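J.:
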Amino acid sequence: MCEVFAGQDPQRYRPVNRSVRIGGHSTSIQLEAAFWVLIDEIASGQGMSTSRFLSTLYDEALERNGTVSNFASLLRTSCLIYLMGGAAREAEPRAFHIVAAE
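Numbering follows the UniProt record's numbering, in which position 93 of the sequence shown is assigned residue number 93; successive positions increment by one, without gaps.
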(Lines of atoms letter the chains of each structure in order from A and count residues from 1; the text may use other names and numbers.)
(Lines give C-alpha, C1' and ligand atoms only; values in the text may rest on other atoms or scores of the structure.)
Protein backbone atom coordinates (compact mmCIF):
# COMPACT_ATOMS: atom_id res chain seq x y z
CA MET A 1 0.00 0.00 0.00
CA CYS A 2 2.72 2.51 0.91
CA GLU A 3 4.74 1.69 -2.21
CA VAL A 4 3.11 4.56 -4.11
CA PHE A 5 4.19 7.00 -1.41
CA ALA A 6 7.50 5.43 -0.38
CA GLY A 7 8.60 4.91 -3.98
CA GLN A 8 8.32 8.53 -5.05
CA ASP A 9 11.31 10.44 -6.35
CA PRO A 10 13.19 11.96 -3.38
CA GLN A 11 13.54 15.20 -5.36
CA ARG A 12 9.82 15.81 -4.76
CA TYR A 13 10.26 16.11 -1.01
CA ARG A 14 13.65 17.77 -0.84
CA PRO A 15 13.51 21.09 1.01
CA VAL A 16 13.74 24.20 -1.16
CA ASN A 17 14.28 27.70 0.23
CA ARG A 18 13.03 30.73 -1.64
CA SER A 19 13.67 34.32 -0.70
CA VAL A 20 10.57 36.48 -1.04
CA ARG A 21 9.38 39.92 -0.06
CA ILE A 22 6.20 39.90 2.03
CA GLY A 23 4.68 42.88 3.75
CA GLY A 24 7.70 44.98 2.84
CA HIS A 25 10.12 42.54 4.50
CA SER A 26 12.51 40.08 2.89
CA THR A 27 12.13 36.57 4.23
CA SER A 28 12.94 33.00 3.31
CA ILE A 29 10.34 30.24 3.03
CA GLN A 30 11.28 26.58 3.07
CA LEU A 31 8.88 24.08 1.52
CA GLU A 32 9.23 20.73 -0.16
CA ALA A 33 9.88 20.96 -3.92
CA ALA A 34 6.47 19.47 -4.78
CA PHE A 35 4.72 22.33 -2.95
CA TRP A 36 6.71 24.95 -4.87
CA VAL A 37 5.60 23.32 -8.14
CA LEU A 38 1.97 23.66 -7.05
CA ILE A 39 2.40 27.22 -5.78
CA ASP A 40 3.96 28.24 -9.09
CA GLU A 41 1.00 26.62 -10.88
CA ILE A 42 -1.57 28.34 -8.64
CA ALA A 43 0.12 31.72 -9.12
CA SER A 44 0.21 31.27 -12.88
CA GLY A 45 -3.47 30.35 -12.87
CA GLN A 46 -4.18 33.59 -11.02
CA GLY A 47 -2.22 35.54 -13.62
CA MET A 48 0.48 36.50 -11.10
CA SER A 49 4.13 35.87 -10.51
CA THR A 50 4.81 33.56 -7.59
CA SER A 51 6.20 36.47 -5.56
CA ARG A 52 3.10 38.56 -6.20
CA PHE A 53 0.82 35.63 -5.35
CA LEU A 54 2.63 34.97 -2.06
CA SER A 55 2.45 38.63 -1.08
CA THR A 56 -1.24 38.86 -2.00
CA LEU A 57 -2.10 35.67 -0.12
CA TYR A 58 -0.23 36.87 2.95
CA ASP A 59 -1.93 40.28 2.89
CA GLU A 60 -5.40 38.78 2.44
CA ALA A 61 -4.86 36.20 5.21
CA LEU A 62 -3.60 38.96 7.51
CA GLU A 63 -6.63 41.10 6.75
CA ARG A 64 -9.08 38.23 7.39
CA ASN A 65 -7.40 36.69 10.44
CA GLY A 66 -5.47 39.54 12.03
CA THR A 67 -2.27 37.45 12.02
CA VAL A 68 -0.48 34.81 9.97
CA SER A 69 1.26 32.66 12.54
CA ASN A 70 2.72 30.03 10.18
CA PHE A 71 2.85 31.10 6.55
CA ALA A 72 4.57 27.90 5.38
CA SER A 73 1.71 25.85 6.80
CA LEU A 74 -0.80 28.19 5.18
CA LEU A 75 0.93 27.57 1.85
CA ARG A 76 0.88 23.77 2.28
CA THR A 77 -2.80 23.71 3.19
CA SER A 78 -3.54 26.10 0.31
CA CYS A 79 -1.97 23.52 -2.00
CA LEU A 80 -4.24 20.85 -0.52
CA ILE A 81 -7.30 23.02 -1.09
CA TYR A 82 -6.15 23.59 -4.67
CA LEU A 83 -5.73 19.84 -5.26
CA MET A 84 -9.11 19.11 -3.67
CA GLY A 85 -10.88 21.41 -6.11
CA GLY A 86 -10.59 24.77 -4.39
CA ALA A 87 -13.58 27.02 -3.97
CA ALA A 88 -15.82 24.61 -5.93
CA ARG A 89 -15.71 22.36 -2.89
CA GLU A 90 -18.50 23.51 -0.56
CA ALA A 91 -17.65 21.52 2.56
CA GLU A 92 -14.34 20.47 4.01
CA PRO A 93 -13.91 16.88 5.17
CA ARG A 94 -14.84 16.42 8.84
CA ALA A 95 -11.19 15.78 9.70
CA PHE A 96 -10.38 19.40 8.91
CA HIS A 97 -12.84 20.90 11.37
CA ILE A 98 -10.67 21.89 14.30
CA VAL A 99 -12.16 22.50 17.71
CA ALA A 100 -10.44 25.30 19.62
CA ALA A 101 -8.85 24.21 22.88
CA GLU A 102 -10.60 25.61 25.92
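Even glycine gets a Cβ: it sits at the ideal position worked out from N, Cα and C. None of these values were measured; they are calculated from a predicted model.
Assign leucine 83 to buried or exposed, taking buried as 16 or more other Cβ atoms, counted over all protein chains shown, within 10 Å of its Cβ.
T.: What you label residue 83 is simply residue 83 of the sequence shown in a count that begins at 1. So leucine 83 ends up on the exposed side.
J.: Taking 7 angstroms as the cut-off, decide whether the C-beta atoms of isoleucine 29 and arginine 18 are in contact.
T.: Position 29 of the sequence shown holds residue 29. Position 18 of the sequence shown holds residue 18. Yes. Within cutoff.
J.: Using 8 angstroms as the Cβ pair cut-off and three pairs as the minimum, do the stretch 35-50 and the stretch 58-68 touch?
T.: With the cut-off at 8 angstroms, the stretch 35-50 and the stretch 58-68 do not touch.
J.: Mind checking whether tryptophan 36 and valine 16 have CB atoms under 7 angstroms apart?
T.: Along the sequence shown, one-based indexing puts residue 36 at 36. Along the sequence shown, one-based indexing puts residue 16 at 16. A contact, by the Cβ cut-off of 7 angstroms.
J.: State the DSSP-derived secondary structure class of alanine 73, mapped to helix, strand or coil.
T.: In the sequence shown, counting from the first residue as 1, residue 73 sits at position 73. According to the sequence as given, residue 73 is serine; it is not alanine. Here serine 73 sits in helix by DSSP.
J.: Buried or exposed: leucine 80, going by 16 or more other Cβ atoms within 10 Å of its Cβ?
T.: Along the sequence shown, one-based indexing puts residue 80 at 80. When all chains shown are included, leucine 80 counts as exposed.
J.: Among all the DSSP beta bridges, which residues are the ones paired with isoleucine 22?
T.: Numbered from 1 along the sequence shown, position 22 holds the residue referred to as residue 22. For isoleucine 22, which the question treats as bridged, DSSP gives the partners His25.
J.: Between the Cα of leucine 31 and those of Gly85, Gly86 and Ser78, spot the shortest distance and give me the residue it belongs to.
T.: Here the question's residue 31 lines up with position 31 in the sequence shown. The shortest C-alpha separation from leucine 31 is found at Ser78.
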